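One structure is given below, encoded as structure tokens.
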Amino acid sequence: MDDLKKDAGWENGMAEKLYRLADAARGNAYVPFSGFSVGAALLTADGKIYTGVNVENSSFGATICAERTAFVKAISEGEREFAAIAVSAGDVQESLPCGICRQFMYEFAPDIKVITGTSADALSIRTLEQLLPLGFRLEK
Ligand code: THU
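Residue numbers for the sequence shown follow the numbering used here, so the first one is 43 and each next one is one higher.
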């Protein structure tokens with residue numbers, strides 16, 4: 043947690059703020075098949091925040107998770123440096139990023155902090171390295 047506060051764009055209460063934004067974004071989730079709405083709030087290294095939601099599809103396989111939606115929005119606006127991402131599925135369960143999202147995030151932000159929980163009052167903060175040890179990435 044202390045390391046987090048040294049990051050650019052980080053301020054007191056940032057984890058809680060990101061979580062609340064992720065939770066609020068869930069209102070826009072498109073989840074006619076699972077009914078499981080997920081929201082994400084992605085903090086860039088220079089302090090901008092992009093939200094995302096899961097968008098399901100009749101083909102199932104074309105469904106995109108909230109985390110990747112947030113990343114794709116940010117990347118397509120030119121962002122490349124990321125500090126943290128919060129994920130909320132409401133108070134039903136702590137929602138950790140799926141394996142595809144872990145790999146997707148690893149491409150851009152192997153050191154990103156991942157904030158999860160069922161309430162802004164009791165958050166867990168892990169590094170992506172904890173969630174995806176020894177991830178794959180082509181050296182550029
Ligand atoms: N989902 C996410 O949005 N993020 C994850 O990391 C896990 C799963 C979504 C996909 C699908 O729309 C719903 O949750 C149920 O799997």
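For every residue, glycine included, the Cβ atom is placed at its ideal position computed from N, Cα and C. Just so it is clear, the structure is predicted and the values come from calculations on it, not from any experiment.
> Measuring CA to CA, which of Asp153, Leu165, Ile142 is closest to Gln135?
Replying inline: The residue you call residue 135 lines up with position 93 of the sequence shown. Closest by C-alpha distance to Gln135, out of Asp153, Leu165, Ile142, is Leu165.
> How big is the Cα-Cα spacing for Leu138 and Ser161?
Replying inline: For this step, residue 138 is matched to residue 96 along the sequence shown. For this step, residue 161 is matched to residue 119 along the sequence shown. Straight-line spacing of the CA atoms in Leu138 and Ser161 works out to 14 Å.
> Distance, Cα to Cα, Ala116 vs Ala151?
Replying inline: The sequence position of residue 116 within the sequence shown is 74, counting from 1. The sequence position of residue 151 within the sequence shown is 109, counting from 1. For Ala116 and Ala151, the distance between alpha carbons rounds to 13 Å.
>> Given 7 Å as the limit, tell me if Ser76 has its C-beta closer than that to any heavy atom belonging to ligand 1.
In response: Against the sequence shown, residue 76 aligns to sequence position 34. Distances from the CB of Ser76 to the heavy atoms of ligand 1 include at least one below 7 Å.
> Can you list, in chain order, the residues of its chain whose CB lies under 8 Å from that of Arg168, leaving out five sequence neighbours each side?
Replying inline: Taking the first residue of the sequence shown as position 1, residue 168 is located at position 126. Contacts found: Lys155, Val156, Thr158.
> When the Cα atoms are used, what is the spatial distance from Ser79 to Glu181?
Replying inline: Here the question's residue 79 lines up with position 37 in the sequence shown. Here the question's residue 181 lines up with position 139 in the sequence shown. Distance between the alpha carbons of Ser79 and Glu181: 35 Å.
> By DSSP, does Thr160 sit in helix, in strand, or in coil?
Replying inline: Walking along the sequence shown from the start, residue 160 turns up at place 118. Judged by DSSP in its simplified three-state form, Thr160 adopts coil rather than helix or strand.
>> Here's the rule I'm using: 16 or more other beta-carbon atoms within 10 Å means buried, otherwise exposed. How should Phe178 be labelled?
In response: Position 136 of the sequence shown, counting from 1, holds the residue named residue 178. Flag for Phe178 reads exposed.
> Do the region 72-89 and the region 112-127 make contact, defined as three or more Cβ pairs closer than 8 Å?
Replying inline: The region 72-89 vs the region 112-127: in contact.
> So, using beta-carbon positions, are Leu174 and Ala128 closer together than 8 Å?
Replying inline: If you number the sequence shown from 1, residue 174 lands on position 132. If you number the sequence shown from 1, residue 128 lands on position 86. Result no, Cβ atoms of Leu174 and Ala128 do not sit closer than 8 Å.
>> Using the Cβ count rule (16 or more neighbours within 10 Å means buried), how would you classify Ala125?
In response: Counted from its first residue, the sequence shown places residue 125 at position 83. By the neighbour-count rule (16 or more Cβ atoms within 10 Å), Ala125 is buried.
> Does at least one heavy atom of ligand 3 sit under 7 Å from the Cβ of Asn99?
Replying inline: Ligands present in the displayed structure are limited to ligand 1, and ligand 3 is not among them.
> Quick one: is the Cβ of Thr105 within less than 7 Å of any heavy atom of ligand 1?
Replying inline: As a working note, residue 105 is residue 63 in the sequence shown. Yes, ligand 1 has a heavy atom inside 7 Å of this Cβ.
> Is the CB-CB distance between Asn99 and Thr93 below 8 Å?
Replying inline: Locating residue 99 in the sequence shown gives position 57, where the first residue counts as 1. Locating residue 93 in the sequence shown gives position 51, where the first residue counts as 1. In this structure, Asn99 lies away from Thr93, with their beta-carbon atoms at least 8 Å apart.
>> Please report the distance separating the alpha-carbon of Gly69 from that of Leu63.
In response: Translated into the one-based positions of the sequence shown, residue 69 becomes position 27. Translated into the one-based positions of the sequence shown, residue 63 becomes position 21. Taking the straight line from one Cα to the other gives about 11 Å.
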